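This report refers to the structure that appears directly beneath it.
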Amino acid sequence: MDTLLLKYKTVKEAEVKVWFKAAPVSAFPKDGGACVKYKDLQIAVFNFSRLGKWYACQNLSPEKQEMVLSRGMLGDHKGIPKIACPLHKKTFSLETGENLNADLAPIAVYPVKIEAENVYIGFSE
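Per full-length UniProt numbering, residue 1 is the first one in the sequence shown, and the count goes up by one each step.
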């Protein structure tokens, strides 16, 4: 497995040690994504305004090894919020990171919270 992929690990809310202030809510497109840098990671953050929810995942496409997921298309698969990679249309759950096409490893997902009109992403280190 590529060492770049190994840098990304799913963080559950209970594991959060650092709430990183990413940007104001207004910096993110409604029903779209933007990329945020944290240390040496690129994190895709999504304002899924149709659902009234926010999600964060690795920006790295596991298949093409390109930093593109923030430019993917939001949607849902049987009620599961998902992101489709703009390069190969593979889809991933924004809740668990699971590859909904069942042919790739899951992507890392991160907790998001909104406080005082700012977006925070949870990291374990």
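Note that beta-carbon positions come from the ideal geometry of N, C-alpha and C, so glycine has one too. All of these numbers come straight from a predicted model, not from anything done at the bench.
Pick from the options: whose alpha carbon is nearest that of residue i?
i	options	result
residue 109	32, 78, 49 and 83	83
residue 121	39, 60 and 76	39
Roughly how many angstroms separate the alpha carbons of residue i and residue j, rounded to a whole number?
i	j	result
residue 52	residue 46	11 Å
residue 69	residue 18	23 Å
residue 74	residue 34	12 Å
residue 7	residue 41	7 Å
residue 123	residue 112	10 Å
residue 26	residue 59	20 Å
residue 16	residue 116	19 Å
residue 114	residue 5	27 Å
residue 79	residue 87	23 Å
residue 99	residue 14	23 Å
residue 12	residue 20	14 Å
Among the residues of its own chain, which have a CB less than 7 Å from the CB of residue i, if the five just before and after it don't count?
i	result
residue 97	10, 57, 106, 107, 108 and 109
residue 22	36, 45, 119, 120 and 121
residue 28	34, 45, 47 and 119
residue 66	87
Can the beta-carbon of residue i be found closer than 9 Å to that of residue j?
i	j	result
residue 101	residue 24	no
residue 90	residue 76	no
Who are the near neighbours of residue i in its chain, counting only those whose CB is closer than 8 Å to its CB and skipping five residues on each side?
i	result
residue 48	31, 54, 55, 74, 81 and 94
residue 85	61, 63, 64, 68, 69, 72, 91 and 92
residue 3	none
For residue i, which residues of its own chain have a beta-carbon under 6 Å away from its beta-carbon, when the five flanking residues on both sides are left out?
i	result
residue 50	31
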